[in-house]
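So the protein sequences, as listed, match chains S and G. Following UniProt numbering, the numbering of the first sequence begins with 1 at its first residue and continues without gaps. Following UniProt numbering, the numbering of the second sequence begins with 1 at its first residue and continues without gaps.
Number of protein chains: 2
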Amino acid sequence: MEKNLKIINACDTNCPVKKSLDILSGKWTMMILYQINTRTIRYGELKRAVVGISEKMLIQELNSLVERKLVSKKAYPEIPPRVEYKLTELGVKTLPIIDQIAAFGLENLV
Amino acid sequence: MEKNLKIINACDTNCPVKKSLDILSGKWTMMILYQINTRTIRYGELKRAVVGISEKMLIQELNSLVERKLVSKKAYPEIPPRVEYKLTELGVKTLPIIDQIAAFGLENLV
DNA sequence: TTAGGTACTTACTAAATGGTTAGAAATATT
DNA sequence: AATATTTCTAACCATTTAGTAAGTACCTAA
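1) Would you check if the distance between the CB atom of Met57 of chain G and the CB atom of Val17 of chain S is smaller than 8 Å?
2) Give me the Cβ distance between Leu70 of chain S and Leu87 of chain S, rounded to the nearest whole Å; I'm assuming they're in contact under 8 Å.
3) Report the neighbours of Gln35 of chain S on chain G: residues whose CB is nearer than 7 Å to its CB, in chain order.
4) Relative to the alpha-carbon of Ile97 of chain G, which residue among G:Asn14, G:Pro77, G:Thr29, G:Ala49 has its alpha-carbon at the smallest distance?
5) Rounded to whole angstroms, what is the Cα-Cα separation between Ile41 of chain S and Gln35 of chain S?
6) Is the CB-CB distance between residue 128 of chain S and Ser20 of chain G below 8 Å?
7) Apply the 10 Å Cβ neighbour rule to Tyr76 of chain G and answer buried if 16 or more other Cβ atoms are within range, or exposed otherwise.
8) Excluding the 5 residues preceding and the 5 following Asn14 of chain G in the sequence, name in chain order all residues of the same chain whose CB lies nearer than 7 Å to its CB.
9) From the DSSP output, in three-state form, read off Ala75 of chain G for me.
10) Do Leu106 of chain S and Tyr85 of chain S count as a contact pair if the criterion is CB distance below 8 Å?
11) Considering Arg48 of chain G, what are the terminal residues of the beta strand (DSSP E) in which it resides?
12) According to DSSP, is Lys18 of chain S part of a helix, a strand, or is it coil?
13) So Ala10 of chain G and Val83 of chain S are supposed to be a Cβ contact under 8 Å. How far apart are they, rounded?
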């Protein structure tokens, strides 16, 4: 028995919680995933749904989410422009997390 | 039908996701909850378990978690000091969230 | 010709967060 | 007498993140 066997699941670089948070942290990230959810949604709708977010932050988050493969983006070559976002297969897998977070808020935070 | 009936669960101040994140966001918060989990743990153990955290951040987070009623603290009047932390009833209710986050990391992030 | 709609971009500023270092307190051990 | 132990505090600085405000592009309708 080594003395450090006590720490079985220490949070180092391999910690699954840390890895998930690398992707999911950020003031707006989970709220955006929550709003996209199972639907296809346009940029403007999302902007109205995520009350208080600035255009800069919304675009920045969306680009980042697309880069991280949680969200996919489809732009139609129209004027005025039309861009649709939806969750990827990987993004859909975050929904159980979001559901738990929403449930916790509903049940415990007034 | 009003035109804004479309936005049924908009993320404004009453959004349960937003409310939960107010409490749970922060670089170290969920990792600390993950490490405390169902056990009673001393400050020093926690420091070793959450690899990379500074003493300042750990104490700051713990104080904040105690204030938010997610963690309870018991200090023994001994020298050298001994302080134990564990999750409150409310804190335990965050574990399903943490479990989902850990599962997501394990299954999807290398 | 002017205004409106949609999806962005850019430059700048402000605020929140995190890190480093040093130290304090009280006792036991060397 | 000096050192170690354990938990925690304070001052200061650096970095990261978020917010503000303005502008761009292109076409349509008034």
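The beta carbon of each residue, even a glycine, is placed where N, CA and C say it ideally should be. These figures come from a predicted structure and were not determined experimentally.
Looking at the atomic coordinates:
1) What you label residue 57 of chain G is simply residue 57 of the second sequence in a count that begins at 1. What you label residue 17 of chain S is simply residue 17 of the first sequence in a count that begins at 1. In this structure, Val17 of chain S does not lie closer than 8 Å to Met57 of chain G by Cβ.
2) As a first step, residue 70 of chain S must be located in the first sequence, where it is residue number 70. As a first step, residue 87 of chain S must be located in the first sequence, where it is residue number 87. About 7 Å separates the Cβ atoms of Leu70 of chain S and Leu87 of chain S, confirming a contact at the 8 Å cut-off.
3) Reading the first sequence from its first residue, position 35 is the one you call residue 35 of chain S. Correct list: Cys11.
4) In the second sequence, residue 97 of chain G corresponds to position 97, counting from 1. Of the listed residues, the one whose Cα sits closest to Ile97 of chain G is G:Thr29.
5) Within the first sequence, the letter at position 41 stands for residue 41 of chain S. Within the first sequence, the letter at position 35 stands for residue 35 of chain S. If I take the Cα positions, the gap works out to 9 Å.
6) This structure leaves residue 128 of chain S out entirely; chain S is present only between 1 and 110.
7) On the second sequence, position 76 is the one that residue 76 of chain G refers to. Exposed.
8) Residue 14 of chain G sits at position 14 when you count from the first residue of the second sequence. Closer than 7 Å at the Cβ level, and outside the excluded window around Asn14 of chain G, lies no residue.
9) Here residue 75 of chain G refers to the residue found at position 75 when the second sequence is read from its first residue. Look at Ala75 of chain G here: in three-state DSSP terms it is strand.
10) Working through the first sequence from its first residue, we reach residue 85 of chain S at position 85. Working through the first sequence from its first residue, we reach residue 106 of chain S at position 106. At least 8 Å separates the beta-carbon of Tyr85 of chain S from that of Leu106 of chain S.
11) Reading the second sequence from its first residue, position 48 is the one you call residue 48 of chain G. That residue, Arg48 of chain G, is in no beta strand (DSSP E); its alpha helix (DSSP H) goes 43 to 49.
12) Position 18 of the first sequence, counting from 1, holds the residue named residue 18 of chain S. Note: Lys18 of chain S maps to helix in three-state DSSP.
13) In the second sequence, the residue the question calls residue 10 of chain G occupies position 10. In the first sequence, the residue the question calls residue 83 of chain S occupies position 83. About 20 Å; that fails the 8 Å criterion.
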